[in-house]
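A quick write-up on the structure given underneath.
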Amino acid sequence: MKEQSIIEAAKQLFIEKGYRETSVADIVRASESSKGNLYHHFKNKEALFLKIIEEDDDHWLHGWSLKSHEFNNAREKFIGLATYSATRQTYHPMRSAVAEFYALESHYSPEIKAKIKEIDDRYTECFMDIIQEGNDQEEWSVGNSWEVSEIASALSVGMDMLYGDYPIDERKRRYVKSAEIFLDGLN
3 MKEQSIIEAA KQLFIEKGYR ETSVADIVRA SESSKGNLYH HFKNKEALFL
53 KIIEEDDDHW LHGWSLKSHE FNNAREKFIG LATYSATRQT YHPMRSAVAE
103 FYALESHYSP EIKAKIKEID DRYTECFMDI IQEGNDQEEW SVGNSWEVSE
153 IASALSVGMD MLYGDYPIDE RKRRYVKSAE IFLDGLN
């Protein structure tokens, strides 16, 4: 499928060159496609990049969905999510390109901002499910679960930005420590 070959070629270029330095011409050349074909499938480079992020996000969410059933309570699950995030983000080759893209986000259209928010909200929903489970099981009592989940998500994203290049064991330790501090603040 030509769309998938464009996605795969673009992803490899974004990993190697970064978001800004990858041109549509580079993607066309690497995918052995044409500009017309690329624009048939994607409105622009931003839409293609968002599609790649969304596919990676789908893969991440599927992995978490399988892993999330291994825990006995919401606290364990929250810490498990921190560990999963630390491990999965370490091996995420698009991490730098995504950070670069998000830093440029303020220059994009409302449509692109809305898509970025939709992708980010999917991650926040992982925290929301855990926070709500903790409320339901009376492990804690959180009034505005969505707001607390957004804060937890932002903390996790910040951890990734700050500790992205740390060795995996140290990275996991710091993610778990931040999760424990966060959870202790809920009580």
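For the sequence shown, the tail end lands on 189 under our numbering, and the numbers increase by one without skipping. Here a beta-carbon is modelled for each residue, glycine too, at the ideal position from N, C-alpha and C. What you are looking at is a predicted structure, and each value in this text was computed from that prediction instead of being measured.
Query                                                                                                                                                         : Result
Look at the Cβ atom of K174, then the Cβ atom of A88, and state whether they are nearer than 9 Å.                                                             : yes
Considering only their Cβ atoms, is the gap separating E152 from F129 smaller than 9 Å?                                                                       : yes
Mind checking which residues open and close the alpha helix (DSSP H) that includes K19?                                                                       : K4 to K19
Does the pairing of the region 168-183 with the region 126-144 give three or more beta-carbon distances under 8 Å?                                            : no
Can you tell me where the alpha helix (DSSP H) holding Y168 begins and where it ends?                                                                         : Element bounds for Y168: n/a, residue is neither H nor E.
If contacts are defined as beta-carbon pairs under 8 Å, then A84 and A12 qualify, I think. What distance do you get, rounded to the angstrom?                 : In fact, because the Cβ distance is near 31 Å, the residues do not count as touching under 8 Å.
Just the C-alpha distance for I55 and K115, rounded to the nearest angstrom, thanks.                                                                          : 14 Å
If I follow the unbroken alpha helix (DSSP H) through Y125, where does it start and stop?                                                                     : P112 to D138
According to the neighbour-count rule (16 or more other Cβ atoms, all chains shown, within 10 Å of its Cβ), is K79 buried or exposed?                         : buried
Please state whether DSSP places T24 in a helix, a strand or coil.                                                                                            : coil
Applying the criterion that 16 or more other CB atoms from any shown protein chain within 10 Å of the CB defines a buried residue, is M163 buried or exposed? : exposed
Report, in whole angstroms, the separation of the C-beta atoms of S155 and Y110, which I expect to be a contact under 8 Å.                                    : That belief does not hold up - the Cβ atoms of S155 and Y110 are roughly 20 Å apart, past 8 Å.
For the alpha helix (DSSP H) holding N39, just list the boundary residues, first then last.                                                                   : K37 to H43
With DSSP collapsed to three states, give me the class of M96.                                                                                                : coil
Let's test the definition: count the other Cβ atoms within 10 Å of the Cβ of S33 and tell me whether it reaches 16, buried, or not, exposed.                  : buried
Kindly indicate which residue of G160, Q134 and N39 has the alpha-carbon position closest to the one of V150.                                                 : Q134
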